[in-house]
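>
Number of protein chains: 2
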Amino acid sequence: MRGRSDVLEPAILGLLHESPMHGYELRKRLNLVLGSFRALSYGSLYPCLKGLVERGWIVGLESTDSGHGVSKRARIVYQLTADGKEHLQQVLSSSGPSTWEDENFDVRFAFFAQTDAETRLRILEGRRTRLTERLETVRQSFARTRERMDEYTLELQRHGLEQVEREVRWLDGLIDNERGRRRVRPTGTGHPTDADSTAAVPQSTPARTTEKERG
Amino acid sequence: MRGRSDVLEPAILGLLHESPMHGYELRKRLNLVLGSFRALSYGSLYPCLKGLVERGWIVGLESTDSGHGVSKRARIVYQLTADGKEHLQQVLSSSGPSTWEDENFDVRFAFFAQTDAETRLRILEGRRTRLTERLETVRQSFARTRERMDEYTLELQRHGLEQVEREVRWLDGLIDNERGRRRVRPTGTGHPTDADSTAAVPQSTPARTTEKERG
DNA sequence: GTTAGCATGTAAGGAGTTACATGATTTT
DNA sequence: AAAATCATGTAACTCCTTACATGCTAAC
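For the protein sequence lines, the chains are L and X, in the order given. For the first sequence, our numbering begins at 1 and goes up steadily by one. For the second sequence, our numbering begins at 216 and goes up steadily by one.
(1) Bridge partners for X:Gln-294 per DSSP, in chain order?
(2) With a cut-off of 8 Å on the beta carbons, I'd call X:Gly-229 and X:Ala-325 a contact; round off their distance for me.
(3) For X:Asp-321, which residues in chain L fall below 9 Å Cβ to Cβ?
(4) Determine whether the beta carbon atoms of L:His-22 and L:Ile-76 lie at a separation below 9 Å.
(5) If I'm right that L:Pro-10 touches L:Val-91 with Cβ under 8 Å, what's the distance once you round it to whole angstroms?
(6) Anything in chain X within Cβ reach of L:Thr-132, meaning under 9 Å, just list it in chain order.
(7) For the alpha helix (DSSP H) containing L:Leu-40, list its first residue and its last residue.
(8) Which term fits L:Ala-113, buried or exposed, when burial requires 16 or more other beta carbons within 10 angstroms of its beta carbon?
(9) Less than 7 Å between C-beta atoms, sequence neighbours within five positions excluded: which residues of the same chain meet that for L:Gln-157?
(10) Should L:Leu-32 and L:Leu-8 be called a contact, given that it needs their Cβ atoms to be closer than 9 Å?
(11) Is the beta carbon of L:Glu-147 closer than 9 Å to that of X:Leu-389?
(12) Helix, strand or coil: how does DSSP classify L:Thr-234 here?
(13) Near L:Glu-18, what residues of its chain come up, given a Cβ to Cβ distance below 7 Å and the 5 sequence neighbours on each side ignored?
(14) For X:Gly-395 and L:Asp-150, I'd like the C-alpha separation in whole angstroms.
(15) Counting only Cβ-Cβ distances shorter than 9 Å, please list the residues of the stretch 99-124 of chain L near chain X, keeping chain order.
(16) Taking buried to mean at least 16 other C-beta atoms within 10 Å of its own C-beta, is L:Thr-137 buried or exposed?
(17) List the residues of chain L that X:Thr-368 touches, going by C-beta distances under 9 Å, in chain order.
(18) Checking contacts by CB at 9 Å: is L:Lys-28 closer than that to chain X?
(19) Nearest chain L C-beta to X:Ala-226 closer than 9 Å, yes or no?
(20) Per DSSP, what are the beta-bridge partners of L:Met-149 in this structure?
(21) Any C-beta of chain X sitting closer than 9 Å to the C-beta of L:Asp-176?
(22) If contacts are defined as beta-carbon pairs under 8 Å, then X:Phe-252 and L:Arg-38 qualify, I think. What distance do you get, rounded to the angstrom?
(23) Who are the Cβ neighbours of X:Tyr-239 in its own chain at under 8 Å, not counting the five residues just before and after it?
(24) Since X:His-232 sits in a beta bridge, which residues does DSSP pair it with?
(25) Hey, how far is the Cα of L:Glu-125 from the Cα of L:Leu-171?
(26) Does the Cβ of X:Thr-344 have 16 or more other Cβ atoms within 10 Å, making it buried, or fewer, making it exposed?
(27) Check L:Arg-179 in the structure and name its three-state DSSP category.
(28) Assuming the contact rule is C-beta atoms closer than 8 Å, X:Ser-308 and X:Thr-334 should be a hit. Round their C-beta distance to whole Å, please.
(29) If we count the other Cβ atoms within 10 Å of its Cβ and call it buried at 16 or more, is L:Glu-62 buried or exposed?
(30) Got a sec, what are the start and stop residues for the alpha helix (DSSP H) X:Gly-311 sits in?
(31) Please check the pair X:Leu-255 and X:Arg-242, which I expect to be a contact at CB under 8 Å, by giving their CB distance rounded to whole angstroms.
(32) L:Ala-161 to L:Arg-139, Cα distance in whole Å?
(33) Which value, in whole angstroms, describes the spacing of the CA atoms of L:Gly-188 and L:Arg-169?
(34) Could you tell me whether any Cβ in chain X is nearer than 9 Å to the Cβ of L:Asp-150?
(35) Check the C-beta distance from L:Tyr-42 over to L:Gly-60 and give it rounded, since I have them as a contact under 8 Å.
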């Protein structure tokens, strides 16, 4: 009944740690953080917020005014409680198998700035291992069945493998970077793009884990 | 209650059109066809097969022997009925908006060998348009919010955009190919791999849509 | 003879979606 | 004054997973 997502909850807590927000705004930010640009629905968001309030990790405060003068319609601005902050830090310091799964990895990565260096490295390496394992399995069944497959299926498989291989190389770059070797991102054949600027990941961003407050 | 997937059903029908199979085998093949290598569970597969039988699109025949002599344990080999074949052809000739969504595209592509050329082109172009639209939206919000984002979030976004850009270029190659221009796949920086062979998509595979049988 | 893999299923539940319902505020 | 977009929510439903239950067959 109540949505206890393992993806949504950390994402909401992480965003609210950066700054308090109301649901509608949260949703838009969430859509960028949550993997591949999919649109989260209110039907998931609001019940999840409700659950977080019930567990005492966030509180919702009515706000008629929101800074720039004119009184807008009443909206509920959510923010972390002391318990919520503590819980978030606990979540952010975890690095078990679930963190390197497809659904969870992106969200964890999105909040790496709030994660300590060791945990970052463990997650990146776990993710890398997971992907190379998968690569092995798929390559084998690919080799076994390639004669029986038509060319479209073949192309789909080949493309899928290539995508994962690229992902592994991306992780390699990030891991090297975390270790302080400052390897340059392999831009490869990538056409120049708005997005394709010099966004190299920092050598070591000081983790904000010490910011812990208690109520 | 009964699983009426829009992804699973066409995939099953498509595979059974290639050759009759029992559930266990079907699952393994399905895992390769169904996007990104995820493992489909029996809890989805068998109820879905049941539903397909109920609607008369497939039949399950007990088989104690399976070709090479020794009598194995009883398994249920499923195959398409005449109605099922008809239905499949109808599904395969559709090219509406739903076909170029993330969840559906891969499955449709996997059965392109059974799809006529016009439909193939419409799906590829629809998919391309969908992706470039998404790219535009994300690029804009990326440009608007990049100052406020930490470097990890930035890197995640950049990587996400790059992935989609690459996907668009892949589609460009396929579209050119469908039009008979036989453009060579841009191998780029891709390391040589088992998968990275000469799997160029055919110029034009004759569609088997004329194979239609009636009961 | 016991582990691993083949083979078929069911029941309960999780994580989300769509569609609905409502109303305020801003823009055209 | 109409249309778009902001803002919050609920109910029903979908698709899928996990865990359970069962038993056969091959390999070590």
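Just so it is clear, CB atoms sit at the ideal spot from N, CA and C, and this is done for glycine as well. Note that the structure is predicted; figures quoted are calculated from it, not measured.
The answer reads as follows:
(1) X:Val-274
(2) 7 Å
(3) Leu-156 and Gly-160
(4) With contacts defined by Cβ atoms closer than 9 Å, L:His-22 and L:Ile-76 form a contacting pair.
(5) 5 Å
(6) Ordered by position in chain X, no residue passes the 9 Å Cβ test against L:Thr-132, which lies about 12 Å from the chain.
(7) Run containing L:Leu-40: none; DSSP gives neither H nor E here.
(8) buried
(9) These residues qualify, in order along the chain: Phe-142.
(10) no
(11) no
(12) Absent from the model: residue 234 of chain L. The displayed extent of chain L is 1 to 215, so no value can be given.
(13) none
(14) 18 Å
(15) If the cut-off is 9 Å between Cβ atoms, the stretch 99-124 of chain L has Asp-102, Asp-106, Phe-109, Ala-110, Phe-111, Phe-112, Ala-113, Gln-114, Thr-115 and Arg-120 near chain X.
(16) exposed
(17) Leu-32, Val-33, Phe-109, Ala-110, Phe-111, Phe-112 and Ala-113
(18) yes
(19) no
(20) BP columns for L:Met-149 are empty, so no partner.
(21) Closer than 9 Å to the CB of L:Asp-176 there is not a single CB belonging to chain X.
(22) With 8 Å as the limit, X:Phe-252 and L:Arg-38 do not qualify as a contact, their Cβ atoms being about 19 Å apart.
(23) Arg-290
(24) DSSP, once it has assigned bridges, lists no residue as partnering X:His-232.
(25) Looking at the backbone, the Cα of L:Glu-125 and that of L:Leu-171 are separated by about 8 Å.
(26) exposed
(27) coil
(28) Going by Cβ atoms, the distance from X:Ser-308 to X:Thr-334 rounds to 6 Å, so yes, they are a contact pair.
(29) It is exposed - the Cβ of L:Glu-62 has fewer than 16 other Cβ atoms within 10 Å.
(30) From DSSP, X:Gly-311 is part of no alpha helix (DSSP H); its letter is neither H nor E.
(31) Between the beta-carbon of X:Leu-255 and that of X:Arg-242 there is about 6 Å, and that keeps the pair under the 8 Å contact cut.
(32) The amino acid occupying residue 161 of chain L in the given sequence is Leu; Ala does not appear at that position. About 8 Å.
(33) The pLDDT assigned to L:Gly-188 is 43, lower than 50, so where the model puts this residue is not dependable, and the model offers no usable value.
(34) In terms of beta-carbon proximity, L:Asp-150 lines the interface with chain X, with at least one pair separated by less than 9 Å.
(35) Wrong, their Cβ atoms sit about 15 Å apart, outside the cutoff.
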